[in-house]
Amino acid sequence: MKTVTIVGGCGHVGLPLGIVLAEAGYRTHLLDRNQQLVERVNRKEMPHLEEEGPERLELAIDSGQLSATTDPAVIGGSDIVFIAIGTPVDEYMNPRVQDLIGALASLKEQLHSPDQLVIFRSTIAPGVLRTLADHLQDWGCPVSVAYCPERIVQGHALTELKGLPQLVSGLDQQAVDQARELFFNLTETEPIVLKPIEAELAKLFCNAWRYINFAISNQFYQIAENVGASFSRIHAAATYEYPRMKGFARAGLTAGPCLLKDTMQLAAFSQNTFFLGHSAMLVNEGLPNFLVQQLADQLGSLRRKKVSLLGLAFKPNNDDTRESLSFKLRKLLLQRGAEVVCHDPFVHHENHPNIEFVSLEEALQGDAVVIGVPHDCYHHLEFGSTPILDVWGAIG
Numbered sequence: 011m012k013t014v015t016i017v018g019g020c021g022h023v024g025l026p027l028g029i030v031l032a033e034a035g036y037r038t039h040l041l042d043r044n045q046q047l048v049e050r051v052n053r054k055e056m057p058h059l060e061e062e063g064p065e066r067l068e069l070a071i072d073s074g075q076l077s078a079t080t081d082p083a084v085i086g087g088s089d090i091v092f093i094a095i096g097t098p099v100d101e102y103m104n105p106r107v108q109d110l111i112g113a114l115a116s117l118k119e120q121l122h123s124p125d126q127l128v129i130f131r132s133t134i135a136p137g138v139l140r141t142l143a144d145h146l147q148d149w150g151c152p153v154s155v156a157y158c159p160e161r162i163v164q165g166h167a168l169t170e171l172k173g174l175p176q177l178v179s180g181l182d183q184q185a186v187d188q189a190r191e192l193f194f195n196l197t198e199t200e201p202i203v204l205k206p207i208e209a210e211l212a213k214l215f216c217n218a219w220r221y222i223n224f225a226i227s228n229q230f231y232q233i234a235e236n237v238g239a240s241f242s243r244i245h246a247a248a249t250y251e252y253p254r255m256k257g258f259a260r261a262g263l264t265a266g267p268c269l270l271k272d273t274m275q276l277a278a279f280s281q282n283t284f285f286l287g288h289s290a291m292l293v294n295e296g297l298p299n300f301l302v303q304q305l306a307d308q309l310g311s312l313r314r315k316k317v318s319l320l321g322l323a324f325k326p327n328n329d330d331t332r333e334s335l336s337f338k339l340r341k342l343l344l345q346r347g348a349e350v351v352c353h354d355p356f357v358h359h360e361n362h363p364n365i366e367f368v369s370l371e372e373a374l375q376g377d378a379v380v381i382g383v384p385h386d387c388y389h390h391l392e393f394g395s396t397p398i399l400d401v402w403g404a405i406g
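Taking the numbering used here, the leading residue of the sequence shown gets 11, the next gets one more, and so forth.
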């Protein structure tokens with residue numbers, strides 16, 4: 011069986027992929043520059059929440075098929091190299107392609123064989139795969155290049171990697187054939203082969219479509235609440251046994267490391283003519299301001315009011331706070347003179363020393379409660395007469 015290295019292997023994308031590869035019999039190296047993460051993984055500790063993660067990581071490490079390292083020399087002996095590092099946008103909302111180029115440059119000495127396949131798993135803008143391949147060629151790296159974007163939902167990656175159809179593209183037939191064979195061995199579905207430009211657009215379209223759909227609901231929420239109507243009641247009525255509204259999302263703080271970023275990558279690629287994407291950004295990023303004003307109207311003033319913010323992660327039942335709008339909401343409340351205390355059973359408090367965390371019992375004793383993210387543990391709380399602001403409509 012072939013040997014695989016995953017660059018960015020201890021992250022939210024790379025680690026689940028590595029576990030599944032090891033389970034399929036591939037000798038897998040998780041290459042990561044974060045020494046602390048590498049040590050945790052080698053101790054069989056999942057660094058983030060992932061369904062079935064702890065037990066499957068332990069089995070993969072114990073089998074000898076999976077290990078983590080900071081030494082890029084493992085690439086030299088690998089048949090397949092996955093690139094699974096983050097691809098952020100800059101302060102102008104343009105893709106930071108230099109991050110990927112820099113990462114590749116640091117590995118070029120190990121990419122020396124025409125039999126090696128480099129698979130980019132990171133989300134990239136249209137045309138970037140060709141740019142990266144050109145750099146590899148200029149550096150004298152004779153490798154094949156493929157693009158197979160990840161499609162998993164965080165927290166359920168191990169399940170989805172086995173069940174979701176994988177998108178496969180490559181710059182030559184050898185790359186396509188090798189990538190298709192690998193994912194056919196990993197998953198229970200036939201991989202879907204696309205041209206590179208189609209695969210690049212498909213990934214961006216998926217995330218932009220979701221981001222826009224959430225923005226529609228968030229805009230509807232503001233329209234309804236501005237005239238004293240309950241968006242939650244409207245949503246429940248509109249979707250009840252009415253299949254044509256099946257895709258009508260609930261309102262909520264739409265955040266995380268991917269949806270906004272990828273929508274802006276698509277906007278940059280379309281030379282800022284992607285007006286739906288920009289409008290969605292204004293709605294979703296502006297929702298915390300609307301919620302703060304809602305609460306101020308409800309309480310009369312926020313000055314010296316104790317506001318309890320429940321949930322700081324960007325999605326329910328998760329520990330990931332990247333790009334969470336709960337932090338923006340907290341900042342806006344503080345600017346209006348409120349005293350803000352927070353509760354989240356999943357988030358690691360030591361990573362946020364400037365935030366005052368309290369027990370759930372104490373949080374419920376504030377002047378008002380705001381649901382930042384509706385973890386399951388909040389769904390059936392008794393709030394008594396305490397005012398509650400729940401944009402998600404999830405608290406019964």
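Just so you know, even glycine gets a beta-carbon here, dropped at the ideal spot from N, CA and C.
Exercise. Between the segment 71-81 and the segment 39-51, are three or more C-beta pairs nearer than 8 Å?
Worked result: In short, these stretches touch, since the Cβ pair count reaches three.
Exercise. Can you give the Cα-Cα distance for D272 and F367, rounded to whole angstroms?
Worked result: 32 Å
Exercise. By a C-beta neighbour count over all protein chains shown, 10 Å radius and 16 as the cutoff for buried, is A83 buried or exposed?
Worked result: By the neighbour-count rule (16 or more Cβ atoms within 10 Å), A83 is not buried but exposed.
For this session: With C216 as the anchor, note down where its beta strand (DSSP E) starts and where it stops.
Result: Run containing C216: none in the beta strand (DSSP E); it sits in the alpha helix (DSSP H), P206 to N236.
Exercise. Buried or exposed: where does H385 fall if 16 or more other Cβ atoms within 10 Å of its Cβ makes it buried?
Worked result: buried
Exercise. How about T199 and L177: do their beta carbons lie closer than 8 Å?
Worked result: no
Exercise. Which residues in the same chain have their Cβ closer than 7 Å to the Cβ of H58, if we skip the five residues on either side of it in sequence?
Worked result: H22, D329 and D330
Problem set entry | Identity of the residue in C268, M11, L292 and V293 nearest L31 by Cα | Here the closest residue by C-alpha is M11.
Exercise. Cβ of L276 versus every heavy atom of the ligand MN: is any distance shorter than 7 Å?
Worked result: Within the structure as shown, the ligand MN is missing, as the structure has no ligands at all.
For this session: Grab me the residues of D125's own chain with a C-beta within less than 8 Å of its C-beta, minus the 5 sequence neighbours each way, in chain order.
Result: D89
Exercise. What's the call for D100, buried or exposed, on a 16-neighbour Cβ count within 10 Å?
Worked result: exposed
Exercise. Out of A34, I162 and V14, which has the shortest C-alpha to C-alpha gap to I129?
Worked result: V14
Exercise. Since S323 contacts V383 with CB under 8 Å, what's their CB separation in whole angstroms?
Worked result: A small correction: the amino acid at residue 323 is Ala; Ser does not occupy that position in the sequence shown. A323 to V383, Cβ: 5 Å. Contact.
Exercise. So, using beta-carbon positions, are L269 and L335 closer together than 8 Å?
Worked result: no
For this session: Give a yes or no on contact between the segment 153-169 and the segment 181-196, applying the rule of three or more CB pairs nearer than 8 Å.
Result: yes
Problem set entry | Residue range of the beta strand (DSSP E) that includes F92 | I90 to I93
Exercise. Are the segment 278-296 and the segment 221-237 in contact at 8 Å, needing three or more beta carbon pairs?
Worked result: yes
For this session: Could you check if D144 is buried or exposed, using at least 16 other CB atoms within 10 Å of its CB as the buried criterion?
Result: exposed
Problem set entry | Residues sharing a beta bridge with A378, DSSP | V317
Exercise. Along the chain, where does the beta strand (DSSP E) that runs through L413 open and close?
Worked result: Since the first residue of the chain shown is 11 and the last is 406, residue 413 is not available in this structure.
Exercise. At a cut of 8 Å, does the segment 387-395 reach the segment 239-255 through at least three beta carbon pairs?
Worked result: no
For this session: Run through the segment 258-335 for me and flag every whole alpha helix (DSSP H) of 4 or more residues, listed as ranges in chain order.
Result: 269-279 and 285-309
Exercise. Relative to the C-alpha of P267, which residue among I233, L211 and N217 is closest?
Worked result: N217
Exercise. Which term fits A246, buried or exposed, when burial requires 16 or more other beta carbons within 10 angstroms of its beta carbon?
Worked result: When all chains shown are included, A246 counts as exposed.
Problem set entry | N52 versus G28: straight-line alpha-carbon distance, rounded | 13 Å
Exercise. Taking the runs of the alpha helix (DSSP H) that are 4 residues or longer, which of them lie wholly in the segment 23-66?
Worked result: Entirely contained in the segment 23-66, the alpha helix (DSSP H) runs reaching 4 residues are, in chain order, 24-33 and 45-52.
For this session: Throw me the rounded Cβ distance for the R407 and E160 pair, which I believe falls under 8 Å.
Result: Residue coverage of the chain in this structure runs from 11 to 406, which leaves residue 407 outside it and unanswerable.
Exercise. Rounded C-beta distance between P105 and A378? I'm assuming under 8 Å.
Worked result: P105 to A378, Cβ: 40 Å. No contact.
Problem set entry | Nearest candidate by alpha-carbon position, reference W402, set V138, L343, S369 and G321 | The shortest Cα separation from W402 among V138, L343, S369 and G321 belongs to G321.
Problem set entry | Buried versus exposed call for R66 [16 or more other C-beta atoms within 10 Å across all chains shown] | buried
Problem set entry | the segment 135-150 touching the segment 203-220, judged by at least three CB pairs closer than 8 Å | yes
Problem set entry | Nearest-angstrom beta carbon gap, I244 and A234 [assumed within contact, 8 Å] | 6 Å
For this session: Please name the residue in I85, C158 and D109 whose C-alpha comes closest to that of H122.
Result: I85
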